[in-house]
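Protein chains in written order, with the UniProt record's numbering: chain B, 1 to 340; chain W, 1 to 340; chain L, 1 to 265; chain Z, 1 to 265. The structure under discussion appears below in the form of structure tokens.
So, in structure tokens, the structure goes:
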């Protein structure tokens, strides 16, 4: 039976190119109506998985089920899956309107239907005024919105976005990221969003799926993965965490229940303002050896008497210390998490 | 007299291309031994100014004095100014060693001198093991380090960096940014760093110079510009500030001494934890209408009863509210700054 | 502040000289074609249009033009129907094949017509296949490098793999995607390539003359024959040739520059 | 899961056919050159190397080879000393000039040799300038498009403006930067362009033959003359020609592929 939890179900996917195994026995499910990010460094196989789902790489072993149907042997034009490329891949010879209308014309919809659907979609992406522009006359962000509209107008079962924001500048990236999230929520489209940017993945996703070297490292909500990484790879990739061994912790006088293994301490949980109630808190004392004011926030590092460098981070407010000062930071002991 | 405050002094610089004025009567000074960022959106003329200083655009009006010498009529190879390009511009036919040695060989230094200088420089940039590699076999970050070493080995009076990090991925960008800052401090080189990324400029600079459409908007320390923007352009470009008119402020019940004009409130100064002492604080109450958990920090927006949307930001710790909750945030009234 | 000195005007001067050097002969030929007599004098002694009448009245003129046209059209068809899909496939899907095409396109430079034609006579001359067909295939192969180069440039500008795949993801078939998305966006490069192919085939001389040993008199072979009998009439033909090719060049330049413009705006 | 069907092997097949079609004649010519008699039979009746002896003993063989060499070397020198700096300047500093060069490089396609040569005879034939010089200039101009194209590709890969400027910022002069930084990094494209120029000039026939009316017998003109008198000896010459050009082609391919490799690693 299909339920919304395994709307897309990929099982035991294996992909090789020229004898190199690129994807190794990958299995995962995607819930209907959610936005899932595939997050991983470049070369981790994210795009390859996306292309297999879309039908653009047809040589693989494994099963791909979409909405209860085995789609592995369907041509790309039979799958009802949309895909957005980093390069936009707009048709330069067609206007914005004609780009968006392309799929509807292939389906031989009536002129009136096309006019209505495209006009509505232009309103959604806020480019009604640009309907007769050619892609060359649009900004990068506008082009990508047209590309998204061109796919969404066909009401695909699944929309795949392959690093759609990588070619855009920082400000546009944030704007378009929020717009994509809004489209997803308003239109209820199931989306997979590929990125190598942790902040982007965390800002936009219901679920995050972390890949490394063709294998699944961890799948879960952004916050869960951030706070409870299962592997050192995830801990290292997802945040700027302090990573400490049990020995380090005991040297710093931090934990009672040591076992072997690696522990993380999130920099933002180290507070330089003393909590009203110190119950359950520990303190780390050290010299400020690095201090970077990044506008709204401040990153700094303490060097402790034991020689450890501890990274901490706070908002740019009430900073009552400067470089080389000796300060204390406070930490809820319960927030020291074991990796795995 | 030359002093360290006007080590580089540009006066009344005007540059036109094909009849378009690109730089309009620009004057500024750079202190010796500092790192100054030129920050502005693309097209604001940052690179054009850099090329004029380096001698690569020689058609301009105005004066450029470096270390007390008028350099406007010198050829690029007579100025003793280094420049780093976004494209690295390494010589693909030369090894890492030979790239770095290029300038020394032009100067006909002895073999022993070259060997020593280049070896030292390789140690500084941490690429001693790669001395016989060709540029094609290096990562982007390594290439840019070689490019920087190639300029630094000549001990230039001034090192210009033209968006040196733009072609790199996020993680490498942060690493190299810190390394550049370290080189600057250790070797005491005067640097100008061109970027369009506010965080980058704030993290690295002693001084920031903000440009827009070929004109100087503001020059000062990163923190000063961030906290006290002189123009709306700067306020808008440098941060994610709340911008409010005097009327808005009075509607929100925030200020006594209203005059006309625009005011900014930095999002990170709105605290959702009630301060111990409310003296000097005001409160804003509203419904949480947006909430984005970005790992280490949380961005959210409140909608007040007066219909204003107020952006706020905090570290990802002790978040005791969620979307649609009504909450209060607190603000030191003294932190409401007038623009200009 | 300083005006760029030698390095600014010297390159321009050289280009202007090259242009004058190439265009000068055309002007001279035109003057010769309307001269009564022009031997060992700086300027011709009189002007006339009678040589234009002489030429067009010649019964060999129209048939030889038609033969050149047949050859050129056949070569263009082969180029479009065979080479175009192969080059598209190599560019978009198969970088390794593209590598091999690069070598193939150097080949005709290193096997010039004269080498080809002597071999052709030996190998294919006695086959029971129309010699004209062999000729058409040979000329098509010779035209391949220029055509390949034009298309290559056309395929470089945009993400054609992305566009081709996107059209399929939007529900289109492979053929539909090729016709509706690929063709319109390589139009300029394709036109340039086909026009170069057309003029090369239309003006081919060495292979046609030797392989078909005068049995198939194209316009160009006719022109050579005329040069030995009537210099002025040959000049007229040269001018007609030049105007015809000039129109094609004009179209090429229009295409190249209109393409630039649409990208810039 | 599924093997790609027609679209995978068809393009390869077409390329293989083109290669066979072009290489077949060479093989046939070689066999002819070592045949005693080969007329109207599928295979020759006997094999011999005597035609090689006949050719090399001919007193016209060495002088005509030398004449072709003089022509080719002169054209290569002009290309290197005049065209190379102009193309560098246009590519790196002057995009507008580059535009114009593009048009110029289409010109020779639309003014083929025959049109040029009749004009040349008229315009420059009676000038008090050595005809050989005019010929060399003309052939240089004809070789420009292929040379331009090769260099253009070479200039596309790297940021040559940046490299050239960087070398100057590091204290080098303009000439020094050109020699030490630009030249080594366009070496492959430059070599390809010069070899193409060399073979084109070395094998030029139409213009040389008509403009100098047999007074300057190059290897190729000699070859045509031989074809009418001794087919087997002409075949020998063709094979020598082909081996010579084959070596050049081999060098070209080596350059092209070594360039690829060094970039990939």
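Cβ coordinates follow ideal geometry from the N, Cα and C atoms, glycine included.
Span separating the alpha-carbon of residue i from that of residue j
i: residue 169 of chain W; j: residue 165 of chain B; result: 13 Å
i: residue 243 of chain W; j: residue 262 of chain W; result: 7 Å
i: residue 216 of chain Z; j: residue 95 of chain W; result: 49 Å
i: residue 152 of chain B; j: residue 157 of chain L; result: 26 Å
i: residue 330 of chain B; j: residue 311 of chain B; result: 13 Å
i: residue 87 of chain W; j: residue 47 of chain W; result: 13 Å
i: residue 238 of chain L; j: residue 101 of chain B; result: 51 Å
i: residue 250 of chain Z; j: residue 186 of chain Z; result: 19 Å
i: residue 153 of chain L; j: residue 176 of chain B; result: 33 Å
i: residue 117 of chain W; j: residue 107 of chain W; result: 13 Å
i: residue 59 of chain W; j: residue 162 of chain W; result: 20 Å
i: residue 30 of chain W; j: residue 230 of chain B; result: 49 Å
i: residue 209 of chain Z; j: residue 61 of chain Z; result: 17 Å
i: residue 114 of chain W; j: residue 248 of chain B; result: 44 Å
i: residue 14 of chain B; j: residue 37 of chain B; result: 20 Å
i: residue 161 of chain Z; j: residue 51 of chain B; result: 38 Å
In DSSP terms, what residue i is bridged to
i: residue 247 of chain L; result: Answer by DSSP bridge pairing: none, since residue 247 of chain L is not bridged.
i: residue 297 of chain B; result: B:315
i: residue 332 of chain W; result: W:281
i: residue 265 of chain W; result: W:242
i: residue 212 of chain W; result: W:215
i: residue 304 of chain B; result: B:286
i: residue 326 of chain B; result: B:287
i: residue 195 of chain B; result: B:39
i: residue 309 of chain B; result: B:303
Under the three-state DSSP convention, the category residue i falls into
i: residue 115 of chain W; result: helix
i: residue 129 of chain L; result: coil
i: residue 189 of chain Z; result: helix
i: residue 184 of chain B; result: helix
i: residue 83 of chain W; result: strand
i: residue 279 of chain B; result: coil
i: residue 162 of chain W; result: strand
i: residue 255 of chain W; result: coil
i: residue 291 of chain W; result: strand
i: residue 109 of chain W; result: coil
i: residue 337 of chain B; result: strand
i: residue 88 of chain B; result: coil
i: residue 190 of chain W; result: strand
i: residue 207 of chain B; result: strand
i: residue 141 of chain W; result: helix
i: residue 220 of chain B; result: strand
i: residue 310 of chain Z; result: Here chain Z comprises residues numbered 1 to 265, so residue 310 of chain Z is not present and cannot be evaluated.
i: residue 8 of chain B; result: strand
i: residue 271 of chain W; result: strand
Under 7 Å by beta carbon: chain A residues contacting residue i
i: residue 198 of chain B; result: In the displayed structure, chain A is absent; the protein chains listed are B, W, L and Z.
> the segment 122-153 of chain W: which residues have C-beta closer than 9 Å to a C-beta of chain Z, in chain order?
Replying inline: 134, 136, 137, 147, 150, 151
>> Restricting to runs no shorter than 3 residues, where is the beta strand (DSSP E) found entirely within the segment 10-79 of chain B?
In response: 20-30, 35-39, 61-66
> Which residues, in order along the segment 38-62 of chain B, keep a beta-carbon less than 9 Å from a beta-carbon of chain L?
Replying inline: 51, 54, 55, 56
>> Restricting to runs no shorter than 4 residues, where is the alpha helix (DSSP H) found entirely within the segment 133-208 of chain L?
In response: 160-169, 174-177, 187-202
>> What are the residues in the segment 84-114 of chain B lying within 7 Å of chain L by C-beta distance?
In response: 85, 87, 89, 91, 92, 93, 102, 103, 106, 107
> When you check each C-beta in the segment 145-175 of chain L against every C-beta of chain B, which residues fall closer than 8 Å?
Replying inline: 158, 159, 162, 163, 165, 166, 167, 168, 169, 170, 171, 172, 173
> Which residues, taken in chain order from the segment 181-194 of chain L, show a beta carbon closer than 9 Å to some beta carbon of chain B?
Replying inline: 181, 184, 185, 187
>> Along the segment 184-212 of chain W, where does the CB come closer than 8 Å to a CB of chain B? Name the residues.
In response: Taking 8 Å as the Cβ-Cβ cut-off against chain B, the residues of the segment 184-212 of chain W that qualify are 196, 197, 198, 199, 202, 203.
>> Tell me which residues of the segment 237-249 of chain B have at least one Cβ-Cβ distance to chain W shorter than 8 Å, keeping chain order.
In response: Going along the segment 237-249 of chain B in chain order, one finds 238, 239, 240 with a Cβ nearer than 8 Å to chain W.
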